[in-house]
Amino acid sequence: MKRMGIWAGWCGVLLLIGVCANSVGWAREAVSGSDSAKQSTSVDQPESQAVRKLETIVVTGKSGFHGIEQTPSKTVIDVDDFSSVGDKSNIQDLLKTQPIVDFRGTDQDPGVDSIYLRGFDAKRFVTAIDAVSVQKTGGRKSSNIVDYAILPTFMIKKVEILPGPHSALFDSKSIGGTINMVTRKPIRKEGLKPDLALTASYSSYETISTVATASGSIKNLCYDAAYHNYSTDGYLRRSETEIKTVYGRLGYLLPGDGFVTLSASSSDTDRHPPVNNPGEADGDYDAGYPVAGGGPFDPYMKPTWDGESYSYRLSVEHPTPIGRINLNAYTGKDNRTRAYYEKIGDTEASVMDTDWWQEGGKLEDEIRWSEDHTTTIGFDLAKLSDEGLDDEKTERINKKGGYLQHRWKLLDSLDLTLGLRYEKVNIWVSNEAKGKLWNSTLGRYIERDWDQFIPKSFVTWKMDRMADWLRDSALSLGVSKIWRAPDYHGDYNPQGKPAGAFLEPEHGMGYDLIFDRRLFNDIDFSVDFSFYDIKDFIATNSDYAGFSDRDPENPDYREELRFSDYKVNLEEIYRYGLDVQANGHLANNLSFYLGYSWQDFENRGDESAAETELDQRARHRVSAGIRYQLLEKTELKMDYRFQSSEVTEVSYKLSDDVWYFRRVSIDAHHTVDVGIEQVLWEKKYLMQEAALSLYVKNLFDEAYYNTEGFMADDRTAGATLRLRF
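Take the sequence shown: its letters are residues 26 to 750, numbered as in the working numbering.
If you want it as structure tokens, here you go:
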């Protein structure tokens, strides 16, 4: 069942050797410490005599849990500093530390649109790279907006998580918030030797991940290159995955701390959706895999979900007399191919091929008038296309946005940020299948357009001067407008139907009240109460639709209304939320993070569709972790997750006009991950560092279902070796 080798024994031997080697090294340092000090004093004496005066130096740094910086407006995770249980090449391991992040996939494959933020899926929050939204028109299997498995995580310096809709700098769909991944800036290095790194991991089910990176410079010309190869047999039957990503970047350092870079990325993904075990049609059963049923595929169907992706990005950052200019532009294409055998004995697979194109950019100027005033002005655009009705590149979404944001330090204790975003959205809804119109009163394509001004605000009041017991305390309030057009394929063309011809944008208000306080030492504590009032919330209504099927004999049937209620705007919904977080050091060698999130969605109308759309989210989530520095170079780690019960709806497009739906109930569950990391050596054997990590995920083998309706991963174990040259 586990399909594991003898690698664990070898990893244990390496770890033991590393601990012993370090212990011997520390003993030698202790014996030679005084001699070294004397030699250092004598050697450095001439230089020290040149120093006439030593000034007092105050060293400041990040407090709290190592790698996590918490502020009222956002949480920042430093990828290098954060110590994760497992392989850092999976971005979800970092995001799962935040209770507002609901990761719905498997550790074997981060997957597509596998993250919810504050209970909202990918169409209602922003995933961005360097503040530029990552998005596609979507559609086909799942929503297909963001594939987290092919993001260049090896180039990410930090991850910013901004809860709520309070920043004017991001797309209007940031209702749940924004996950912004900031890439490493090019830097000039001493000498021609590049910095090399190799990270290799092996875990249960023949899961192998290898990441090789190189970065260097020749004077002002900088370069980066990376290769990531990931493969797994998967926990479930026929759930194999293989992903290969190649990345390259060239940069040039400009005078005055500026730079220009051009990067290219290419990914090849081979995914096999899991199958029923035993098969429902022929009873085909493999005892080497867990029992799984209710899915759309049997073993004989041999389903695949393969793809190819490429992207190019231009980034320019340069200080000017009128502020610091940032320019980011991108273009890319994704292809996904769904294939499977429809009947037992078929020799030719049913194939469904989809192409997406993305083009866009962002131009921003940050003007710092003084320490008390900073103005940010910018413009962004996105042009999203798919293959349309004629199997050729067809523009489906065009978005243009402009924004103005000003941060004003009114008083030493009062910081105000006001923003205004303008967004214009055009979509083209298709109304044809196999040469016939779905709604005969409309054309092949229906163009819709909307625009809106969206004000944003966030104010922070530092309460130190109010009373001694309020020292290091702050109260923040975010009040912002919510507006989102139906600019996602699953809204305007669900299952190919022209529902978008009848939908209107969502709109409302979002409120966040945040209390933040340093409890003691470096332990930071925050409480965030949020309330959203959203009108015309877009929901699926296909189960209750009255105008989906043509029925000329029905006196109430009207052709011009066909599919007008396939998707509907709910009258009004409320979302209540409570997020509590704390992190810091309980002792010099013991740090922790702890988070709890509660949410509840309430439909203020009487629409039946709200039951499906709103009642699926888990209400309670807990995330916690501790890191214990057992020895100078030995760290113990443990993470804990809890999620209350939820219901989710799974949909697959099997072929044109053929869809599979089912609802999955997921019981409440707890998981515990543990690990140990040992630095084997530093600056030896031509290496800067060598470190080995061992880990076990789902330590107590908790049985629960994932959002695909199958058993989630059982207990898995793995090892990661990290080398830097």
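Just so it is clear, CB atoms sit at the ideal spot from N, CA and C, and this is done for glycine as well. If you're wondering where the values come from, they're calculated on a predicted model, not measured in any experiment.
task: Output the distance between the C-alpha atoms of Asn628 and Ile539, rounded to the nearest integer angstrom.
output: Going by the C-alpha atoms only, they are around 25 Å apart.
message: I need the straight-line Cα distance from Ser139 to Ile204, nearest angstrom please.
response: Across the structure, Ser139 and Ile204 are spaced so that their CA atoms are roughly 13 Å apart.
query: Are Asn608 and Gln95 closer than 8 Å when you measure CB to CB?
result: Contact: yes.
- request: Compute the beta-carbon to beta-carbon distance between Phe478 and Tyr447, rounded to the nearest angstrom, for a pair I have assumed lies under 8 Å.
  value: About 5 Å separates the two Cβ atoms, so the contact holds.
message: Less than 8 Å between the C-beta atoms of Gly111 and Asp105, yes or no?
response: No, the Cβ-Cβ distance between Gly111 and Asp105 is not below 8 Å.
message: So, for Ser670: in the same chain, excluding its five sequence neighbours on each side, which residues have a beta-carbon less than 8 Å away from its beta-carbon?
response: Cβ within range, chain order: Ala643, Ser690, Ile691, Asp692 and Ala693.
query: Just to confirm, are Pro511 and Trp463 a CB contact at a threshold of 8 Å?
result: The criterion of a C-beta distance shorter than 8 Å is not satisfied by Pro511 and Trp463.
query: How would you write the range of the beta strand (DSSP E) that Tyr447 sits in, first residue to last?
result: Element bounds for Tyr447: Leu439 to Ser455.
- prompt: Between Ala354 and Gly403, which are expected to be in contact by the criterion C-beta below 8 Å, what is the C-beta distance as a whole number of angstroms?
  reply: About 13 Å separates the Cβ atoms of Ala354 and Gly403, ruling out a contact at the 8 Å cut-off.
query: Taking the C-alpha atoms as reference points, what is the distance between Arg338 and Lys182?
result: The alpha-carbon atoms of Arg338 and Lys182 are separated by roughly 17 Å.
message: Using only the alpha-carbon positions, how far apart do Gln133 and Val647 sit?
response: C-alpha of Gln133 to C-alpha of Val647: approximately 22 Å in a straight line.
- prompt: Looking at the structure shown, is Met326 part of a helix, part of a strand, or coil, going by DSSP?
  reply: Judged by DSSP in its simplified three-state form, Met326 adopts helix.
Pro124 versus Thr399: straight-line alpha-carbon distance, rounded: Each residue's Cα considered, the two are about 31 Å apart.
message: Beta-carbon within less than 8 Å of Ala317's beta-carbon, same chain only, minus the 5 sequence neighbours each way: which residues are those?
response: Only residues of its own chain outside the window of five on either side were considered, and among them Leu261, Arg262, Pro299, Val300, Asn301, Asn302, Phe735 and Met736 have a CB closer than 8 Å to the CB of Ala317, listed in chain order.
field: Coil, strand or helix - Tyr366 by DSSP
entry: Three-state result, Tyr366: coil.
field: For Ser109 and Ile116, the rounded distance between their alpha carbons
entry: So the two alpha carbons sit approximately 10 Å from each other.
task: Taking Leu120 as part of the alpha helix (DSSP H), name the residues at either end of that continuous run.
output: Unbroken alpha helix (DSSP H) run through Leu120: Gln117 to Leu120.
query: Where does Glu305 sit, in a helix, a strand or coil, going by DSSP?
result: Coil, per DSSP.
Straight-line Cα distance separating Gly201 from Gly503: Their Cα atoms are separated by approximately 13 Å.
- request: Quick one: residues in its chain with C-beta nearer than 8 Å to the C-beta of Gly306, no 5 flanking neighbours on either side, listed in chain order?
  value: Checking the sequence, you will find Ala at residue 306 rather than Gly. Scanning its chain for C-beta atoms nearer than 8 Å, with the 5 sequence neighbours on each side dropped, one finds around Ala306 the residues Asp323, Tyr325 and Ile369, in chain order.
- request: Give the DSSP-derived three-state secondary structure of Arg129 in the structure shown.
  value: Here Arg129 carries a coil assignment [DSSP, helix/strand/coil].
message: For the beta strand (DSSP E) containing His514, name the first residue and the last one.
response: Element bounds for His514: not the beta strand (DSSP E) but the alpha helix (DSSP H), His514 to Tyr517.
field: Where the beta strand (DSSP E) through Lys459 begins and ends
entry: Here Lys459 belongs to no beta strand (DSSP E), and DSSP marks it neither H nor E.
Unbroken beta strand (DSSP E) run spanning Met534, endpoints: Segment Glu531 to Phe545, the beta strand (DSSP E) holding Met534.
- prompt: Taking the beta strand (DSSP E) that Trp433 falls in, what are its first and last residues?
  reply: Per DSSP, Trp433 belongs to the beta strand (DSSP E) from Thr419 to Leu436.
query: Hey, out of Trp486, Ile170 and Glu417, whose CA is closest to Thr442's CA?
result: Out of Trp486, Ile170 and Glu417, Trp486 has the C-alpha closest to the C-alpha of Thr442.
query: Rounded to whole angstroms, how far is the Cβ of Phe128 from the Cβ of Ser199, which I believe are closer than 8 Å?
result: 19 Å between Cβ atoms; not a contact.
- prompt: Span of the beta strand (DSSP E) holding Met480?
  reply: The sequence given here places Pro at residue 480; Met does not occur at that position. First-last of the beta strand (DSSP E) with Pro480: Tyr470 to Lys487.
- request: Go through the segment 703-748 residue by residue and report every complete run of the alpha helix (DSSP H) that reaches 4 residues or more, in order.
  value: Listed in chain order, there is nothing to give.
task: Would you kindly work out how many angstroms separate the C-alpha atoms of Ser633 and Lys148, rounded to a whole number?
output: If you draw a straight line from the Cα of Ser633 to the Cα of Lys148, it comes to about 22 Å.
query: Less than 8 Å separating the beta-carbons of Ile102 and Tyr618?
result: At least 8 Å separates the beta-carbon of Ile102 from that of Tyr618.
field: For Asp581 and Ala570, the rounded distance between their alpha carbons
entry: For Ala570 and Asp581, the distance between alpha carbons rounds to 13 Å.
- prompt: If you count every other CB in all the chains shown that lies within 10 Å of the CB of Arg509, and 16 or more means buried, which is it?
  reply: Counting of Cβ neighbours within 10 angstroms places Arg509 among the buried residues, the total reaching 16 or more.
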